[in-house]
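Heads up: the structure comes next, in structure tokens.
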Amino acid sequence: MNESHANTSRSITEDTVEMSTDEKYLFDLLGFVVVRDVLSKEHLSIANAAIDAQALTRSPEYFHDSNALKGENSSTRLSANKNLMELSSPSCDPFREMLAHPKTIPHLNTILGEGWRLDHGPGLIAMDKGCSGGLLHGNFDNAPYFYREGKIFTGLCVIEYLLADEGPGDGGVCVVPGSHK
């Protein structure tokens, strides 16, 4: 392996369940892939009830003197005071399953190679309707990315689970294509 890519993982065997060819193409093109209907209604119900029961901390304002992304409701909340996987069962169960959900394992295997692990997190971003927007971020030179001979090589991958339906005009997640690879 090239020394400049020494921190990327690549251990795929013939038995490894991977992403489809179309998903690999879209991930290489966009830097993300959308996987629909991963969590069951039961998991969503338990996860949302567990979050609702937590005392969440208010996030800092990122906008200083700018009003560009400030909302009428300033209750943007980031991270729970307690790690959601440390809650008692059954509250922790859906969050623990999200770490290695059967529907996301092929994606993690393809992107990171077998033997991946939780590096940091998990995090929670919870927002009330009308809250302030989030801070744009990028330029992660510490997570190399390249695609060669049908294989993805990278040192970092994030899975974001949406725990509520989002439709046009609702806000929510925004990923700029190519910005996260």
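Letter 150 of the sequence shown, counting from 1, is numbered 149 in numbering that gives the first Met the number 0, and no numbers are missing.
Don't be surprised by glycine CBs; every beta carbon is placed ideally from N, CA and C.
Every value quoted in this text rests on a predicted model; they were computed, and no experiment measured them.
Using only alpha-carbon positions, find the residue among the options that is nearest to residue i.
| i | options | result |
| --- | --- | --- |
| Met18 | Val37, His42, Asp164 and Thr103 | Thr103 |
| Cys156 | Glu148, Gly166, Trp115 and Asp21 | Trp115 |
Bridge partners of residue i, per DSSP?
| i | result |
| --- | --- |
| Tyr24 | In DSSP, Tyr24 forms no bridge with anything. |
| Phe31 | Per DSSP, none; premise fails for Phe31. |
| Tyr160 | Bridge partners of Tyr160: none, in fact. |
I'd like to know whether the C-beta atoms of residue i and residue j end up nearer to each other than 8 Å.
| i | j | result |
| --- | --- | --- |
| Phe26 | Val174 | no |
| Thr109 | Ile158 | no |
| Leu107 | Phe94 | no |
| Leu29 | Gly120 | no |
| His42 | Glu113 | no |
Please work out which residues of its chain come closer than 8 Å, Cβ to Cβ, to residue i, disregarding the five sequence neighbours upstream and downstream, and give them in chain order.
| i | result |
| --- | --- |
| Val37 | His100, Lys102, Thr103 and Tyr160 |
Could you check if residue i belongs to the surroundings of the ligand ATP, using beta carbon to heavy atom distance under 7 Å?
| i | result |
| --- | --- |
| Tyr24 | Ligands are entirely absent from the displayed structure, and the ligand ATP is therefore not among its contents. |
Who are the Cβ neighbours of residue i in its own chain at under 7 Å, not counting the five residues just before and after it?
| i | result |
| --- | --- |
| Leu98 | Leu117 |
| Pro105 | Val16, Glu17 and Met18 |
Which same chain residues end up closer than 6 Å to residue i when comparing Cβ atoms and leaving out the 5 residues on each side of it in sequence?
| i | result |
| --- | --- |
| Asp169 | none |
| Phe145 | Phe152 |
Nearest chain B C-beta to residue i closer than 8 Å, yes or no?
| i | result |
| --- | --- |
| Ala46 | Structure shown: chain B not included; a single protein chain is present. |
Stretch-stretch touch, CB-based, cutoff 8 Å, three pairs: the stretch 40-54 with the stretch 86-100: The stretch 40-54 makes contact with the stretch 86-100, as at least three CB pairs between them are under 8 Å.
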